[in-house]
Each structure stands twice: as C-alpha cells, then as structure tokens.
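Per my numbering, the sequence shown starts with residue 17, numbered consecutively. Where is the CB? At the ideal position from N, CA and C, for every residue including glycine. A quick note: this is a predicted structure, and the numbers were derived from the prediction, not measured.
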Amino acid sequence: MAVFGGVLTAPPAVAEVPGSAPDEATASRYAEARGEPVLVESATTETDELTANPDGSFTFRQHAQPVRVRRGDDWVPVDLSLERRPDGSFGPKAAPLDVVFSPGGPGSADDAVARVVRGENEVGLGWGRDLPPAVVDGTSLTYPEVLPGVDLKVDVTINGFTEVLVVKTAQAGASAELERIAFRTHAENVRVYDGPGPGGDLMVRNESGTPVFSGDASSMWDSSGGDGENHTEGPADGDRRAQMGVEVGADTVTVLPDQEFLADPDTTYPVVIDPGDLTLDVGHGVMRLRSA
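Structure follows, in structure tokens:
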C-alpha cells in the first residue's frame, strides 16, 4: 500500500491487471503486478507463445501443432468439434484450416464431401452421388450406407481431415462397386497428377507447377490384428496387407482394390482400403484420404 499526499492507495488487484500485453515491456510490468505470467501478444502465433514472468524473466514455448487460432482480434483455443454453419455445411468450431464438410442429403452429389482451404489453394474429394444425411459425432461425420454395407466417414484433424470408407462385411466387400472406387476431385488453383513413385503415389501442383500436395502409395489391410474400425489410421500388428493401384483422371482419383484379397476366406473384415496419405503443403495443412 502506498501513501500519496496523505491518501492511502492500494496496489491494483490482480483481476484489474490484464493477463496479456501488446509488448514485452508492458507484459513484464503486468506480470510483476499480477504475481503470475502474462502473455506477450506480439510474440504469439498459432504454435508459439512468449510469457513474461513476475521475476522479470521470459518463457518461450513452441508447440508441434497449432494450439490456438485467430478469431477477430483475439486468440481462442483450437476446438475441432463440428458445428453446423449458416449455409448448412459442417466445420470445426476453431481450427487452423478452413475445413468444410457436406451435410449430405438431396442435391449433395455435386458437392465435395470434404474440402480444405488454405490461402488460394483448395482441395477436396466428392462422392459423385447424393449422400445420406450426415450423422455428427464430435469431430466426425458419418454418411451411413453410401453403398450396401459401406459407410463413408470423415474426421476433422488439426491439419485438415481424413476420409474413410468402412467396408463392414465380406458380403459388402464382394460388391462390384468396390472393383473401382472413384472419388471426384475438387480443386482450386491446383491439379492432381500421378506421382513419381512406383506404387500409386500422387502429386498435386499449383498453377505455377510447385508441388503443394502429395500422397503415399495406396494399400489395403484387414482386421486380423484387431477391430478394423478402430485402426483406420494404419494397420495393426497382425493385420494382413496388400498393395492397391491408383488412377488419376482429369477430375477423379480412382483406387483399384485387390479383389483376391477381398474374396480371400482368410481376410478378416472390416477391410481398410487406403488410397494413401495426401498431404497439402500449405503451411501445416494436411488432407488424408482413406477408404476403409
């Protein structure tokens, strides 16, 4: 407590001192007054943060992935929970990338099931036919029975999204519609090409020819090692695997599942048919496509 001209003046309460400041000097003063760290706004990014400590020191932290995003003039924590937008589409509440998911329903055949936007680059995949209405569950959307015994599932991730077909039974796996699975490409300022690798990898280049999007070779695996619906990110120990071809057209990416693998009585369903990881190299943006 200080005395000025005979008047007692109490130090500012912690609640009256902001928890962030525009620069290091101000943050240091605030931290001393609060008795706790204060964020330096000018040094804050989606992945980095600098805090001033009460003892005059500073602490710098850098995260491997974004932990906050801009909303107007403020930073808010990343929240990948899906919400319906005014135009009827779905998207994450607060994510580093603009990810948009189709709500499904009549008239959805021409829409991308999912697309990711970063700057001038936009890439997405469509199903090419009307989707059932989407069922929301946290960070996932499921379009049930897009084919008999097959669900289409998309998940938002910190870097974009994954797109998965869940082939649930051997009967579903015997469908002629799984001999060739064509995804319609939706692209702005980029084009999809066959990659240089031998195993069906992909490359996406922008209009100047710079690679901005690439994909690993496609493969498929069964669920011999566990529940296939719970390890669509990759094969578990004990899962049987097979390679799969990819054809890139003017506006489609078509995967060619191994029919002998699907029909093999030793194959344990669900089977994961994986077109490969497709990585959009625009900052930290990633889009992964999987058919499971």
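Selection 50, 161 and 57 evaluated against residue 72 yields 50 as nearest (Cα-Cα). Selection 127, 285 and 95 evaluated against residue 103 yields 127 as nearest (Cα-Cα). In the DSSP annotation of this structure, the continuous segment of the alpha helix (DSSP H) that includes residue 276 starts and ends at 275-279. For the options 81, 60 and 151, the alpha carbon positioned closest to that of residue 99 is the one of 151.
Comparing C-alpha distances from residue 153 to each of 81, 91 and 96 shows the shortest one belongs to 96. Bounds of the beta strand (DSSP E) holding residue 67 are 64-68. DSSP places residue 100 in the uninterrupted beta strand (DSSP E) bounded by 95-100. Looking at the DSSP output, residue 137 shares a beta bridge with 134. Fewer than three pairs of CB atoms, one per stretch, sit closer than 8 Å, so the stretch 128-136 makes no contact with the stretch 41-57. Going by C-alpha positions, residue 280 is about 33 Å away from residue 140. Within the same chain, and ignoring the five residues on either side of residue 177 in sequence, the residues whose Cβ sits closer than 8 Å to its Cβ are 115, 117, 130, 132, 170, 171, 303 and 304. Rounded to the nearest angstrom, the gap between the Cα atoms of residue 266 and residue 65 is 44 Å. With a cutoff of 7 Å on beta-carbon distance, residue 80 and residue 47 are scored as not near each other. Taking the C-beta atoms as reference points, residue 283 is found nearer than 7 Å to residue 238. Inclusion of residue 271 and residue 197 in the CB contact set at 7 Å is warranted, their separation being smaller than that value. Taking each of 93, 119, 121 and 256 in turn and checking the Cα distance to residue 63, the smallest one comes out for 93. Beta-bridge partners assigned by DSSP to residue 237: 257 and 288.
Assigned with DSSP and collapsed to three states, residue 84 falls in strand. Collapsing the DSSP output to three states places residue 42 in a helix. Residue 111 carries a coil assignment under DSSP once its states are collapsed to helix, strand and coil. In this structure, residue 240 lies near residue 255, with their beta-carbon atoms less than 7 Å apart. Contact between residue 275 and residue 195 holds, with the beta-carbon distance rounding to 6 Å and staying under 8 Å. Per the C-alpha coordinates, the member of 107, 105 and 61 positioned closest to residue 91 is 61.
For residue 203, the uninterrupted beta strand (DSSP E) segment begins and ends at 197-204.
For the options 87, 110, 160 and 89, the alpha carbon positioned closest to that of residue 119 is the one of 160. In the DSSP assignment, residue 189 falls within the alpha helix (DSSP H) that extends over 186-189.
Under DSSP, residue 145 takes part in no beta bridge, so it has no partner. About 12 Å separates the beta carbons of residue 149 and residue 162, which is beyond the 8 Å limit, so they are not a contact pair. About 7 Å separates the Cβ atoms of residue 268 and residue 199, confirming a contact at the 8 Å cut-off. In the DSSP annotation of this structure, the continuous segment of the beta strand (DSSP E) that includes residue 160 starts and ends at 156-163.
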